[in-house]
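Worksheet for the structure shown next.
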Amino acid sequence: MIGELLVPLFDVLMALSHAMDLVSPVLVNHHFRVAYIGCSLADELGLSRREKNLVLTAGLLHDVGSLEVKERIDLLKFDVAGTQRHAEMGYRLLRTCGLLDREAEVVRFHHTRWEAGQGSECGGHEVPRESHVLHLADRIAVLIEPGMPILQQTQGIVAKIEEGTNHTFVPEFVAAFKSLAGKESFWLDVSSPSLKDILYEYRPLSESRLSLKGLLAVGSLTARLVDFRSRFTAAHVAGVAGTAAALARAAGLSPREQDIMRLSGYLHDLGKLAVPNEILEKAERLTAQEFALIRTHTHYTYRILEKIPGLETVNAWASLHHERLDGSGYPFHLKGDDLPFGSRIMAVADVFTALTEDRPCRNGMTANEAVGVIERMVREGALDPLVGSLLKDRLFEIDEARRESQRMALGEFRALRPEVDVPPGT
Ligand SMILES: [Fe+2]
Ligand SMILES: [Fe+2]
Ligand SMILES: [Fe+2]
641 MIGELLVPLF
651 DVLMALSHAM
661 DLVSPVLVNH
671 HFRVAYIGCS
681 LADELGLSRR
691 EKNLVLTAGL
701 LHDVGSLEVK
711 ERIDLLKFDV
721 AGTQRHAEMG
731 YRLLRTCGLL
741 DREAEVVRFH
751 HTRWEAGQGS
761 ECGGHEVPRE
771 SHVLHLADRI
781 AVLIEPGMPI
791 LQQTQGIVAK
801 IEEGTNHTFV
811 PEFVAAFKSL
821 AGKESFWLDV
831 SSPSLKDILY
841 EYRPLSESRL
851 SLKGLLAVGS
861 LTARLVDFRS
871 RFTAAHVAGV
881 AGTAAALARA
891 AGLSPREQDI
901 MRLSGYLHDL
911 GKLAVPNEIL
921 EKAERLTAQE
931 FALIRTHTHY
941 TYRILEKIPG
951 LETVNAWASL
961 HHERLDGSGY
971 PFHLKGDDLP
981 FGSRIMAVAD
991 VFTALTEDRP
1001 CRNGMTANEA
1011 VGVIERMVRE
1021 GALDPLVGSL
1031 LKDRLFEIDE
1041 ARRESQRMAL
1051 GEFRALRPEV
1061 DVPPGT
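Just so we're aligned, residue 641 is where the sequence shown starts under the numbering used here, counting upward by one.
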């Protein structure tokens, strides 16, 4: 029996923020850095606790709408153009979750220039003050050169930011930054490899906690972040979550356990955020090196979810989906009884969904063909026989659940990324 789930939102956002920056070494800690600089500015400006918390949470998520690694890296250029696309996408993605509407508003305008006061409004919308704090924090962060001693960079960064006073940044905020910039401690924190731990000092005092319902909302947001990076994966996580929940139902698990299975499905490929889009989209056979990179994803999922207290069961069900009963899976090479029933379900849900999907190099199989492959894997000792036979016996109902989840995800994908061509049959 799984105990009550009540998970601090802060831990969930820290984990998500960390995951988003794994895709390239040049992005590591970017979100943490912006959140930290934003909080320091908020302190210096004497913003209220509520405003500071919003700077923190929106800072942790601000580039959530930038789904491609190339765009993320372009955003590290100080004078980058065309920033509204990812800000608007971030706003729309965060709104889908229903719990992060204030963060969505802040993210929407986090590249809006001050323009001598005109930037307090944008397209008829009021721009939150927190957006302007984050804009400044983000541009300070991108000016930091990785290979150079930080204390030798401070004057140059201050000078560059000062040039933007009033037209790009709020003058009062630049003044607050100049006062912060006089403290070595600020710069040493910003460039510290332990920045994540330092950020915990800003953890909100009275913090929101997520129940299973809230976790499902944030989980489905996470699923979109993983899936919507490529049209080939646009509904994969959604399909696995739907299939896993239907298998749990077929196995007689309680409605609550079915929801926990769905949540684990939403999170199972979280570590794929560390894999560049080009590999997910590659039409040719993957090289050994690319394949090795893909195989890292479950380990990342495990280490990321491990940091969230209360999600231990979810982590096991989610992260062990490439383990096999005979020990031939990865990354832990667990065997037999070491694999909980939930992760055995997830393994079958993942294989079944993957086989029925179109990939860059092949068309998807029919549900019956996929069952044939799974039966073979059961005979070889890789997958659980009970779960395999549940799939076969209740195929129509389980496949319908998969299709329905994938239809909904593709509908959302088309609405959010109309520029990407998805064949109508998918
Ligand atoms: Fe941004
Ligand atoms: Fe950024
Ligand atoms: Fe996977």
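C-beta: ideal position from N, C-alpha, C; glycine also.
{"Asked": "Compare the Cα-Cα distances from I838 to each of V674, V1011, A1041 and G1021 and report the closest residue.", "Found": "V674"}
{"Asked": "How do the stretch 679-694 and the stretch 790-798 stand: do at least 3 beta-carbon pairs fall below 8 Å, yes or no?", "Found": "no"}
{"Asked": "Residues in the same chain with beta-carbon distance under 7 Å from T808, minus the five sequence neighbours each way, listed in chain order, please.", "Found": "R753 and W754"}
{"Asked": "So does the stretch 809-824 actually touch the stretch 660-667, counting three or more Cβ pairs closer than 8 Å?", "Found": "no"}
{"Asked": "Starting from P811, trace the alpha helix (DSSP H) in both directions and tell me its first and last residue.", "Found": "P811 to A821"}
{"Asked": "Measuring straight from C-alpha to C-alpha, what distance separates L715 and A815?", "Found": "24 Å"}
{"Asked": "Let me know the alpha helix (DSSP H) ranges lying completely inside the stretch 867-952, each 4 residues or longer, listed in chain order.", "Found": "876-890, 895-907, 917-921, 928-934 and 937-945"}
{"Asked": "DSSP three-state label for R753, please.", "Found": "coil"}
{"Asked": "Going by DSSP in three states, R1034 sits in which element: helix, strand or coil?", "Found": "coil"}
{"Asked": "Y840 to L1030, Cα distance in whole Å?", "Found": "45 Å"}
{"Asked": "Quick check: what's the CA-CA separation for V647 versus T736?", "Found": "20 Å"}
{"Asked": "Between which two residues does the alpha helix (DSSP H) harbouring F650 extend?", "Found": "L649 to M660"}
{"Asked": "Of the residues S894, L933 and Q898, which one's Cα is nearest the Cα of L662?", "Found": "L933"}
{"Asked": "Take the Cβ of P833 as the centre, count every other Cβ of all protein chains shown within 10 Å, and call the residue buried at 16 or more, exposed below.", "Found": "exposed"}
{"Asked": "Within 10 angstroms of the Cβ of K717, are there 16 or more other Cβ atoms? Answer buried if so, exposed if not.", "Found": "exposed"}
{"Asked": "For ligand 3, I want to know if H939 counts as a neighbour, meaning its beta carbon is within less than 7 Å of at least one of the ligand's heavy atoms.", "Found": "no"}
{"Asked": "On the premise that A863 lies in contact with L774, defined as a C-beta separation below 8 Å, what is that separation, rounded to the nearest angstrom?", "Found": "Their Cβ separation, rounded to whole angstroms, is 25 Å, which puts L774 and A863 out of contact at 8 Å."}
{"Asked": "Using DSSP's beta-bridge definition, name the partner residues of C762.", "Found": "H765"}
{"Asked": "With hydrogens ignored, establish whether the beta-carbon of V674 is closer than 7 Å to any heavy atom of ligand 2.", "Found": "yes"}
{"Asked": "For H908 and H961, which I take to be in contact (beta-carbon distance under 8 Å), what is that distance rounded to the nearest angstrom?", "Found": "5 Å"}
{"Asked": "Cα separation between D651 and K947?", "Found": "7 Å"}
{"Asked": "Check whether chain D comes within 8 Å of G1028, counting only Cβ atoms and requiring the distance to be less than that.", "Found": "Absence of chain D from the displayed structure is noted, only one protein chain being present."}
{"Asked": "For T873, which residues of its own chain have a beta-carbon under 7 Å away from its beta-carbon, when the five flanking residues on both sides are left out?", "Found": "D867 and L920"}
{"Asked": "Determine which residues share a DSSP beta bridge with R1002 and list them.", "Found": "R999"}
{"Asked": "Measuring alpha carbon to alpha carbon, tell me which of H702, S848, I784 and E743 ends up nearest R725.", "Found": "H702"}
{"Asked": "Given 7 Å as the limit, tell me if T697 has its C-beta closer than that to any heavy atom belonging to ligand 1.", "Found": "no"}
{"Asked": "Taking Cβ positions, are R869 and N917 nearer each other than 8 Å?", "Found": "yes"}
{"Asked": "Would you call the CB atoms of H772 and F813 closer than 8 Å?", "Found": "yes"}
{"Asked": "When you compare only the Cα positions, how much space is there between M660 and P949?", "Found": "20 Å"}
{"Asked": "Locate the alpha helix (DSSP H) running through R1016, then write down its first and last residues.", "Found": "A1007 to R1019"}
{"Asked": "Rounded to whole angstroms, what is the Cα-Cα separation between L845 and G882?", "Found": "36 Å"}
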